[in-house]
Amino acid sequence: MKHQASDKEIDALYQQRKQQISAPEINLSYLKEGKKSPYTLIQMLSILFCGGAASFGILAVISHFSTMSPPQVIQTEKTKLNVVEIDFEKIEPEEPVIAIQIPPLIPKKPYVALVQPKNNNILTVKPVANEVTLIMPIDVVTVSVAPSVKAPELSLVPIYQEQPKYSVKAIRAKQEGTIKLAYEISAPKNASKAIDVYSRVVGKKFTVIEVRDMFTPPESKNFSGKGKSDVDIRNGVKKKIAKLISGFDNKEKPR
Amino acid sequence: MIKGWLNTNISPEILLTRYIATSKDKYLTLLVQQFNQPIYHYVLSQSDKEMAEDIIQSMWLKVMKVEGSHQVNNNVKSWLFTIARHTLIDELRRQNRWHTQPLDEQVTIDESNLLSEAANLSLEQETENNDRLVVFNQAISNLLFYQREAFIFQQEGFSVLQIAELTDESFETIKSRLRYARTHIKNFLDNKS
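Residue numbers (this note's numbering), protein chains in the order written: chain A, 1292 to 1546; chain B, 33 to 225.
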């Protein structure tokens, strides 16, 4: 006799089959731990160590290149280097410093106090009507404070000397000369001597007529020095010499 | 609230929503208690024990990684079986144990072959197979992958339409797979009896 399998029997058999199977337990905490960190502790430590080493190496390379000396230029055949030495100015020693001597400070003025007498019996009161006279002995101590001052030693040196006034042309020609005044009162009497005197003074030889004209007024033309004082003669000579000097520009150079 | 504490039969949709919101293990534990056994049975029926254990671990790990409720279908049970199925197929492909079959297959198990196999069994085996459950297990193991899959899903309470959505197949295909699977099992059981 055949047994006809029905759907209910199949369902029952399926449930029996399912119940015979034991499913494995699911450990959720284990699954979560696996979800949390994919790296183990050793892997994490190795990653941190490698990162630190890498950063240290980078910093070391940077510091090495920052302190490296400039590259040396290799001289080749094409490039020629001209070495130019720069002469630095020699340092000259400084001039000796002259120390200024500062005068010593003024000593402090000692405190001067009135010394009161120990004996108060000196006070005497005179019974004068409406007048009281106090006689107090005072000891005064005098101390000389000011130092002794000496007068400075003066040496007078001329700083300005009046120079003779030359004309512009004479200055440009750099002409200069020295005039020596020498005269003799009795010179007009001796014409030759007068000529010699003026020649030595001026550096120019004069003729007799010129010497005569020096001392003779243009009206008289008389060479005579009689009746003239020394002052007149001196003034006359000065005038003539000044005239001669001023005439250098228009005349020939004195020989 | 007290009623909620006492009620242990909370719907899986609420459990999953609360787990996503709070990330507390107790909600996921309740889900595991509800669906670990049927899903493991399905995976074990389609593979071996070691692979089934690995797949079930991977499936729950994927559930734990879910961060938004938008990824979850309204039917959590269907969603969990879908994850288990995809994980199973991926693992079979990875181990080169996946044999594709045409979707419109109308391959029926050659009953004559099955009968001959049964006739060739030894006497001792025949005595053992008298147990109806053993015969039933043998009949299920003789089913093809898609037919066995459709049969198991139907036994787990999925409708034909839900199986079609779960397996991404047409409604008629699932119907035919179910029909042939049941026919085969019945015939196998009848012949054994």
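Idealized CB from N, CA, C, for every residue including glycine.
Please read these numbers as outputs of a predicted model, since none were measured by experiment.
Exposed unless 16 or more other CB atoms sit within 10 angstroms - verdict on residue i
i	result
THR119(B)	buried
LYS1309(A)	buried
GLN1392(A)	exposed
VAL95(B)	buried
LYS1452(A)	Inspection of the sequence shows that residue 1452(A) is occupied by Gln rather than by Lys. Exposed.
GLN179(B)	buried
THR199(B)	buried
ARG209(B)	buried
HIS216(B)	buried
PRO1449(A)	exposed
SER24(B)	With chain B running from 33 to 225 in the structure shown, residue 24(B) is simply not present.
ILE1476(A)	At ILE1476(A) the pLDDT is 49, less than 50, meaning the model places this residue with poor confidence and gives no usable figure here.
ASP1540(A)	Residue confidence is low: ASP1540(A) scores 44 on pLDDT, short of 50, so the model does not pin down where it sits. Its coordinate-derived value is still stated next. Classification for ASP1540(A): exposed.
MET1335(A)	exposed
ALA84(B)	buried
Residue i: contacting residues in chain D (beta-carbon distance under 9 angstroms)
i	result
TYR59(B)	Given the protein chain composition of this structure (A and B), no chain D is represented.
Minimum C-alpha distance to residue i - residue among the options
i	options	result
TYR72(B)	LYS1465(A), GLU1316(A) and LEU1332(A)	GLU1316(A)
VAL167(B)	LYS109(B), PHE67(B), LEU221(B) and LEU48(B)	LEU221(B)
ILE1397(A)	SER1439(A), VAL1448(A) and ILE1389(A)	SER1439(A)
ASN219(B)	GLN66(B), GLU85(B), ARG129(B) and LEU175(B)	LEU175(B)
ILE1301(A)	THR61(B), LEU48(B), LEU76(B) and ILE172(B)	ILE172(B)
THR1469(A)	GLY1343(A), SER1490(A) and ALA1351(A)	SER1490(A)
TYR1305(A)	THR205(B), GLU197(B), GLY189(B) and ARG117(B)	GLY189(B)
GLN187(B)	GLU201(B), SER202(B) and ALA213(B)	ALA213(B)
ILE184(B)	SER110(B), ASN128(B) and TRP130(B)	SER110(B)
VAL64(B)	THR54(B), LYS81(B), VAL108(B) and ALA53(B)	VAL108(B)
Chain B contact for residue i (CB, 7 angstroms cutoff)
i	result
LYS1299(A)	no
TYR1330(A)	no
TYR1305(A)	yes
ILE1590(A)	Nothing can be reported for residue 1590(A), as the shown portion of chain A is limited to 1292 through 1546.
ALA1345(A)	no
LEU1319(A)	yes
ILE1338(A)	no
ILE1312(A)	yes
Interface flag, residue i vs chain A, CB-CB below 7 angstroms
i	result
HIS73(B)	yes
ILE141(B)	Annotation note: pLDDT 43 at ILE141(B) (below 50); position unreliable, no value reported.
GLN170(B)	no
ILE195(B)	no
GLN138(B)	Any reading at GLN138(B) needs caution, since the residue's pLDDT is 43, under 50, leaving its predicted position unreliable; the model's value is listed next. Chain A contact via Cβ: absent.
LYS35(B)	The predicted model places LYS35(B) with a pLDDT of 49, which falls under 50 and marks its position as unreliable, so this point remains unresolved.
GLU85(B)	yes
VAL98(B)	no
GLN78(B)	no
LEU175(B)	no
GLN66(B)	no
LEU63(B)	no
TRP111(B)	no
GLN69(B)	yes
LEU240(B)	Given that chain B is displayed from residue 33 to residue 225, the structure contains no residue 240(B) and the question cannot be resolved.
TRP130(B)	no
Kindly provide the ranges of any alpha helix (DSSP H) runs that are 4 or more residues long and lie completely inside the stretch 62–131 of chain B, ordered along the chain.
81–96 and 108–126
Going along the stretch 205–217 of chain B in order, which residues come within less than 9 angstroms of chain A, judged by CB to CB distance?
ARG214 and ILE217
Any residues in the stretch 179–203 of chain B with a beta carbon nearer than 7 angstroms to a beta carbon of chain A? Which ones, in chain order?
GLN187
Extract the residue ranges of the alpha helix (DSSP H) inside the stretch 171–223 of chain B, only unbroken runs of 4 or more that lie entirely within it.
177–187 and 192–199
According to a CB-to-CB cut-off of less than 7 angstroms, which residues of the stretch 44–55 of chain B neighbour chain A?
none
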